[in-house]
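In our numbering, the protein residues as written are 53 to 122.
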């Protein structure tokens, strides 16, 4: 009788591929969200007074710094 608890190499490869695909999807979603945030910041920044513009620039700098650290 087969022991279904033992994974074959194919099962392990499939699991690894699935994990990489999920990680790639999450990373793409993160990048899409950051791009949308940047688009919204620039849209808002165009219509706002100087203190808000400076806050937007600082926020972009912080995001860029955190991405560089990753």
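By construction, the Cβ of each residue, glycine as well, lies at the ideal position given by its N, Cα and C atoms. Computed from a predicted structure; not experimentally measured.
In the structure shown, residue 100 adopts coil according to DSSP, grouped into three states.
Remark: fewer than three beta-carbon pairs, one from each stretch, lie closer than 8 Å, so the segment 62 to 80 and the segment 105 to 114 are not flagged as touching.
Straight-line measurement puts the Cα of residue 114 at about 16 Å from the Cα of residue 91.
Unbroken alpha helix (DSSP H) stretches of 4 residues or longer found wholly inside the segment 59 to 119: 61 to 99, given in chain order.
Residue environment for residue 72: exposed (fewer than 16 other C-beta atoms within 10 angstroms of its C-beta).
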